[in-house]
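Here's the structure we're looking at; comments come further down.
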Amino acid sequence: SDLSHHIWGLFMSLSRREALAGAASVLATRTASATDTPRLSLAALEAASAPTGPHQVVYLWPAGAPGLPRRPPNEQVVERSQPPALRDRAVFHTLRPRLIVFRPDNPNGAALLLCPGGSYQRLAIDKEPYEAAARFTREGITCFALLYRIPGDNWAAGPDAPLQDAQRAMRVIRARAHEWKIDPARV
């Protein structure tokens, strides 16, 4: 569709500085030791205050995600960046699946659901959804970063837990489209 070609074009038009910063961040994290990475609280993640930072947090399952393991996961946010100027946080063991909403100044009705990668072991939130959201919101696209459950955390749904969260996220976005000034058909 025209929207997907536009989004691909935006993604491919990253500046040299953005590409170099991303590459430096990847190289730095590969050399960082797991023992010297500070752990942040969930509140620190949700209170990110950059100009392009999140505008709202929406929990997908207000009463708690279905199929909670007997030993609930202990959610952690880890700052992995070396040097600290290049943010590279990862969320481990998501307990409360949620959408982090990034609203543009001038919404054009389009929206993206951004699902961070991390090999089903963690969610890399800065490199993927946060940086992408900053880029797309400048183009008027409302972005939703999905912090989903990890299959290895023994949720009853097993490997389908992330899919359940993604499906629920799409339903929530479309149901509340008017609130976020988006067209449900353009998600």
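Okay, so the sequence shown: first residue is 6 according to the numbering used here, each after it adds one. Positions of the beta carbon are idealized from the N, C-alpha and C atoms, including for glycine. These figures come from a predicted structure and were not determined experimentally.
Using a Cβ-Cβ cut-off of 8 Å (strictly less than) and excluding sequence neighbours within five positions of residue i, which residues of its own chain qualify?
i, result
"residue 147", "106, 107, 108, 109, 112, 115, 116, 117, 185, 186, 187"
"residue 171", "118, 120, 151, 153"
Please report the Cβ distance between residue i and residue j, rounded to the nearest whole angstrom; I am assuming they are in contact, meaning their Cβ atoms lie under 8 Å.
i, j, result
"residue 151", "residue 100", "Rounded, the Cβ-Cβ distance is 14 Å, inconsistent with contact."
"residue 95", "residue 123", "6 Å"
"residue 125", "residue 155", "6 Å"
"residue 97", "residue 127", "5 Å"
Among the residues of its own chain, which have a CB less than 6 Å from the CB of residue i, if the five just before and after it don't count?
i, result
"residue 137", "119"
"residue 191", "114, 115"
"residue 173", "65"
What do you get for residue i, buried or exposed, if any count of 16 or more other CB atoms within 10 angstroms of its CB means buried?
i, result
"residue 176", "exposed"
"residue 168", "exposed"
"residue 180", "exposed"
"residue 89", "exposed"
"residue 70", "buried"
"residue 68", "exposed"
Going along the chain, which residues of its own chain have a beta-carbon closer than 7 Å to the beta-carbon of residue i, five neighbours each way excluded?
i, result
"residue 103", "62, 63, 64, 65, 152"
"residue 129", "95, 121, 122, 123"
"residue 163", "156"
Cβ contact check for the stretch 158-174 and the stretch 67-81: 3 or more pairs under 8 Å: Yes, they touch.
Beta strand (DSSP E) runs contained entirely in the stretch 121-165, provided each spans 3 or more residues: List check, beta strand (DSSP E) in window: 147-152.
Meets three-Cβ-pair contact criterion under 8 Å: the stretch 77-95 and the stretch 138-145: With the cut-off at 8 Å, the stretch 77-95 and the stretch 138-145 do not touch.
Entirely enclosed beta strand (DSSP E) segments - the stretch 85-111, minimum 3 residues: Taking 3 residues as the minimum length, the beta strand (DSSP E) runs contained wholly in the stretch 85-111 are 94-97, 103-107, in order along the chain.
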